[in-house]
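Below is one structure, written out as structure tokens; comments come after it.
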Amino acid sequence: MNTSGLRWLVAAAFLAAGPVAGVIVAHGHLAAELLAAAEMIVGPLAHVTSASVSWHDDVDAAREEIERAIARVNQGRGVLLLTDMFGGAPMDIASMFLDDKGIEIVSGVNLPMVIKLANQTPEESASDLARRVCDGGKEAIHQASEILARAAKPT
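Take the sequence shown: its letter number 57 is residue 203 in the working numbering, and every next letter is one higher.
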């Protein structure tokens, strides 16, 4: 089989199984708002959902919320859990799913990371996507005064 035929088969498998899914897990309403902002930019993200961890949720209730969110979007290729900060309750509860097949977790979620979920290739595994999303999130963080000061200096 030639490479174009192989690419077609990989793309067909991607369409059949769907993309790697995403669940944004954060304190308060942050997860839902990040998803809403991303959808304003790239359009509907049917394979991404949010799960909020309320300030007063008990661990079991929060775990069940995340479990339901995973079930809503999981299409068989894995699920990336994006949490707001390492060491916070959302991350601690999300880490309970690390032993599940196909689950990856990235902490420190920001809007560029959510947008990266919209642009994945059929060849990417959940682990590959997690690395790319993490790298993309880091690359999007800047100290604006340094960039703008350089741009304003005459050459």
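Don't be surprised by glycine CBs; every beta carbon is placed ideally from N, CA and C.
In the DSSP assignment, the residues bridged to Glu250 are Leu226. By DSSP's assignment, Ser198 forms a beta bridge with Ala172. Ile170 is positioned such that its CB atom lies closer than 8 Å to that of Leu180. The C-beta of Glu250 has 16 or more other C-beta atoms within 10 Å across all chains shown, which makes the residue buried.
Across the set Pro258, Val260, Gly224 and Ser196, the C-alpha of Gly224 shows the shortest separation from the C-alpha of Asp245. For His173 against Gly222, the beta-carbon gap comes to about 29 Å, at or over 8 Å, which does not count as contact.
As the crow flies, the alpha-carbon of Asn265 is around 27 Å from that of Ile293. With 16 or more other Cβ atoms from the protein chains shown falling within 10 Å of its own Cβ, Asp230 counts as buried. For Ser291, the closest C-alpha among the options Glu285, Lys299 and Lys262 is that of Lys299. Val279 sits close to Leu226, with the two beta carbons spaced by under 8 Å.
For the pair Val219 and Ala167, the CB atoms are nearer than the 8 Å cut-off. Nearest C-alpha to Ala217 among Asp281, Ala192 and Val205: Ala192. Of the candidates Ala184, Asp203, Val205 and His202, the residue whose Cα lies closest to the Cα of Thr195 is Ala184. Counting along the chain, the unbroken alpha helix (DSSP H) around Met237 starts and ends at Ala235 to Ala240. Residue burial annotation: Ala240 is buried, with at least 16 other C-beta atoms found within 10 angstroms of its C-beta. The C-beta of Glu211 has 16 or more other C-beta atoms within 10 Å across all chains shown, which makes the residue buried.
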